[in-house]
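Report on one structure; see the data block that follows.
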Amino acid sequence: MGRYIIRRLVYGVITIWLVTLIVFFGLRLIVPIFYGDAIEIAVGLSGAIDDKALIERRRAELDLDKPLPVQYVSWLTDVARGDLGRSLFNGRPVLTEIKNRLPVSLELGLVGLLSAVIIAIPFGVVAALAQDRWPDYALRVYAVGSSSVPGFWLAILIITFASIWWRWAPSIDFAYFHDDPIKHIKIMLLPALLIGLTPSGGLVRIMRSQMLEVLRQDYVRTARAKGLAESVVVMRHAVRNGIIPVITIIGLSLPGLIAGTPLFERIFVLPGMGNYLIASLGDLDYPVIQSTNLIFAILIVGANLIVDISYSLIDPRIRYS
Amino acid sequence: MSAMNYWTRRNLSRRGLLRGGAVGLGGLAGAALIGCGGAGEETSAPKAAATPEVRETPAPLAQDTKGILSPRVDTTANAVPGGIVPIVDTDATSLDPLTSTSFRGQFIARRVYPQLLEFKPGVINPGTGEVRPQLALSFEYADPQRLVLKLRKDAKWDQREPTNSRAVDAEDVVWSWKRFETQHVNRAAVANSVNSAAPISSITAIDPSTVEVKTAMPFAPLLQTLAYTRWLQIMPREAESKFDPRNDMRGAGPWVMTKYERSVKFEFRKNPNYWRRDRPFIEGLDFPIIGEYAQRLAQFRAGKVWTSVVNQTDVVTTKKELADLALTQNEFGRGAWQIYFSLRPGSPFLDERVRQAVSYSIDRDLMIETFDNTPEFKKNDYPVSTRWHGAGVAGGYDGTWLDPQGKELGDAAKFWKYNPAEAKKLLQAAGLQDKLKSKLSFIATAEYGTTYPKVGEAYVGMFNASGNFQIEQNHAEYQTEYLQKIYFSKGDFDGMAWGASTTFPVPVQHLFDYYHSKGSRQKVALKGDPASVKGTAESDALIEKALSTLDPKEHVALLHRWQKENAARFPIVVSPWPGGFPGFRLDWPIVQNLLVYRDYLEQWEQVSAPNWWVDRSKPPRA
């Protein structure tokens, strides 16, 4: 187990390094073939693309005139020291921005995921136990419906109709939890619930199908034959086995949920990572794009590792070699 | 003419125009409708100076016979100090107005940083474009190429570190000019050291409270150039190294920035050091940064933001839902958005008959009806007036604009009328027997608002429906393709393009920037070579003459002459949308004087907002 984890960690580090390499050189070598570099795009926005002196001055100020390997090693060395650099255009430290924003996106993603799980697991279990009866039909309609309706669209509908019918609009004056916990929860709850809605539909369907499969297994029949109570059969023998693939999907969904929060951050005016990354992509703000991709890569690799390890905790039959 | 007449008379209907991607119009481009009222200064202000382009009598708008519009009433006498006004905003990459690459930075910074001069706001009536002193106390021409400005002695920088209430002096102006001259992205339009066609050769300090502006040639719009907020805002020289102007501000205007949470909100509070001791009335302005229109509208409906965010398509329904809202009419647009052409060798658009055929193929009334929602307004008895933008000059420039539906453009006016049959004859005369195959490039994203791409689709549909063209649409990416490879390419692209334009204070600056071969956004000379397009050299000469003519009447006469001489050439075809219809706005009446002091151009934070006051007896009540 220990060796397995170490091996996976090494692979993870290599994967993350490759991501930094691809993002760094892709931004500087491939993107300019089609569009120009960050400075040309920024200056070009205001029509000064012919002002070569201004472009060269800006490049020199930002050390973008140095050879690419030198820039890459310099950035990587800074990252190793915990310095993710500064925005090319407003000079803000990227690390500070990420420190402020990552918790918001993580919280949105985690609460969203939690709400999806809280909805999906009991719904899936009930649907399986009531197969082909009305609770099953109702829950399947919910599953298909919530998977089909994008959460951001639902968010816009809720905001629009609430403002028309009740003159109500969600609070957009963001407060951090440590400053005002009640206000913070009020602001975060609605978007987080809506984020969880779409994945909950898929999870309900997976949980239902897994439960149906497990409930037909011999060991479940044996458990029933032993005279165990139905609740014990379901909770101890069926759900515990049926939930394994769901956990995989939950684990792998987390980075996706965090990365998928920009629309909600935009709609609900939340200072998260998504808004930050999207704004920096438009400007080709290299340090921000590189660092946010690095963070996302770490999250995805980490989530994969945690999911793999969690298998063995849930199912003792799984062993790593 | 009603919409029904169009549906029955023409093959191309409103429905047809909207077909192909329009499931309800998302809204008008905010950029087309600039500012929200101006302010008046008033008793202590020095006398406004005569300027080369004073508006003549504004053309009257349609009468509000049903009493639908809210009256603009100056309630300054009842003003009660206090209150914070919430207004929707968008974010900027950098707050430094002199080095920011986006005009958003300049828009936000103008709340704080002063300028030497400002446009005098209209009171009740629209502003006329007159310029008056702001940070300057007075100014005079020592000769046609030297302008001397005396600075006000009561202007102080922010009382916080590092400016510590230091008096604003001439060295700050000189420092700001040098920063502008070396780093501003539009320096080529202003600084002669960068572009020999640009006017200002130097700004120097004569003494601590006097500066001299020297121009390389007599330059008619010099005062407007100094008043234009996108260019020379005056910053304290401490910005060099003692604070980071990209993220913080230390100004001398009516407001100080007290809080900035990136992508969340700005907070501005009244500046205790502001030279006008009796203004602002309100304590401050809060700007939540809301990108999503549905959220903006919800916040407005709920009374959490107080000033207009309502798209034209939603005005009538929102007013019906919330009868308490104040309804006012905007002004005609001064931004001449445009269709422009490839100037590459072999381009069919080098032949002016082809460009005339393009103009003939545009049904201007139908475009305005469709995209400005005028039938809906008419149906609900709103006063509706429309104009067609003219030859290079938008309909909002009263006095300079020549009406293509009038007689002043002579025979060339016929090209503004929808006439596909005449377009066909012109194309055939130009040697094009079959349909002209080409493409129209525009952006599909919302940088110019959500209506803009639908207008692009409508143009494609309209050209193809005329039977004379076979146009494909090319959706160009905004920053990397559209701006760099089309908009700023000086004609070095394929086919046609549909795009927005920058609004300048005076028409001659617009003409120089877009129609002169040395203009930074010019679309009339391939890579700046005036010989590449017939007529550009003559047009250049006339624009240059107008630029250097200081006498206001002569100046306007030259602009009229330019329009008449270039009307039939169509180096650019000005789009009827936006700005051909003034549109309406809705605001909560709790903000008094909101639309009484009317900003002329992009200065409402300095000239209008200080006169606002919060009347708690008016809706929305807490």
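One line per chain: the protein sequences are A and B, in this order.
To convert a position in the first sequence, counted from 1, into my numbering, add 5.
To convert a position in the second sequence, counted from 1, into my numbering, add 191.
Every residue gets a Cβ at the ideal spot worked out from N, C-alpha and C, and that includes glycine.
The beta-carbon of G96 (chain A) is placed less than 7 Å from the nearest beta-carbon of chain B. In its chain, beyond the 5 residues on either side, R213, M216, L217 have a beta carbon closer than 6 Å to the beta carbon of A133 (chain A).
K456 (chain B) places its beta carbon 7 Å or farther from that of P471 (chain B).
Taking a Cβ-Cβ cut-off of 7 Å, S632 (chain B) has no neighbours in chain A, whose nearest Cβ is about 15 Å from it.
DSSP places V507 (chain B) inside the alpha helix (DSSP H), whose first and last residues are 503-512. Leaving aside the five residues that flank S454 (chain B) on each side, the residues in its chain whose CB is nearer than 6 Å to its CB run, in chain order, D282, I480. Within the model, the alpha-carbon separation for I634 (chain B) versus T641 (chain B) is close to 10 Å. At a cut-off of 7 Å between beta-carbon atoms, T165 (chain A) makes contact with chain B.
The distance from the Cβ of M558 (chain B) to that of W779 (chain B) is about 32 Å, inconsistent with a contact at the 8 Å cut-off. Check the Cα spacing between E309 (chain B) and each of B:E796, B:W804, B:P811: the tightest is with B:E796. Look at the beta carbons and you see the region 708-720 of chain B touching the region 676-690 of chain B: at least three pairs across the two are nearer than 8 Å. With contacts defined as CB atoms closer than 7 Å, W804 (chain B) and A270 (chain B) qualify as a contacting pair. Among the residues facing chain B, D288 (chain A) is included, as its CB has a counterpart in that chain under 7 Å away. Bridge partners of W173 (chain A) according to DSSP: none are assigned.
I394 (chain B): member of the beta strand (DSSP E) spanning 391-398, first to last residue. Exclusion of the five residues before and after E543 (chain B) leaves R760 as the residues of its chain whose Cβ lies within less than 6 Å of its Cβ. In this structure, A737 (chain B) places its C-beta atom within 7 Å of the C-beta atom of V699 (chain B).
Any Cβ of chain A closer than 7 Å to the Cβ of Q490 (chain B) would place that residue at the interface, and such an atom is present. Rounded to the nearest whole angstrom, the C-alpha separation of N105 (chain A) and G277 (chain A) is 8 Å. Within 10 angstroms of the beta-carbon of G587 (chain B) lie 16 or more other beta-carbons, which makes it buried. Nearest CB-CB separation between N298 (chain A) and chain B: not below the 7 Å threshold. Contacts with chain A (Cβ-Cβ distance below 8 Å) from the region 371-404 of chain B involve T373, Q374, V376, N377, R378, A379, V385, listed in chain order. At a Cβ-Cβ threshold of 7 Å, V238 (chain A) and R229 (chain A) count as neighbours. Going by C-alpha positions, Q794 (chain B) is about 17 Å away from S499 (chain B). Ranked by Cα distance from Y224 (chain A), the first of A:R241, A:R210, A:L262 is A:R241. In the three-state DSSP reduction, Q596 (chain B) falls in the coil class, being neither helix nor strand. For the region 64-90 of chain A, no residue has a beta-carbon sitting nearer than 7 Å to a beta-carbon of chain B. Residues of chain B with a Cβ closer than 7 Å to the Cβ of A47 (chain A) are, in chain order, T292. Secondary structure note for K725 (chain B): it is in no beta strand (DSSP E), with a DSSP letter that is neither H nor E.
Interface residue (Cβ-Cβ distance to chain B less than 7 Å): Y40 (chain A) is classified as such. Counting only Cβ-Cβ distances below 8 Å, D184 (chain A) has no contacts in chain B at all, with the closest Cβ about 12 Å away.
Taking a cut-off of 8 Å for Cβ pairs, the region 270-287 of chain A and the region 189-198 of chain A touch, as three or more such pairs fall below it. The three-state secondary structure of K191 (chain A), taken from DSSP, is helix. Selection B:Q336, B:R437, B:D265, B:R555 evaluated against K605 (chain B) yields B:R555 as nearest (Cα-Cα). In the DSSP annotation of this structure, the continuous segment of the beta strand (DSSP E) that includes E663 (chain B) starts and ends at 660-666. Within the region 759-775 of chain B, no residue places its CB atom closer than 7 Å to a CB of chain A.
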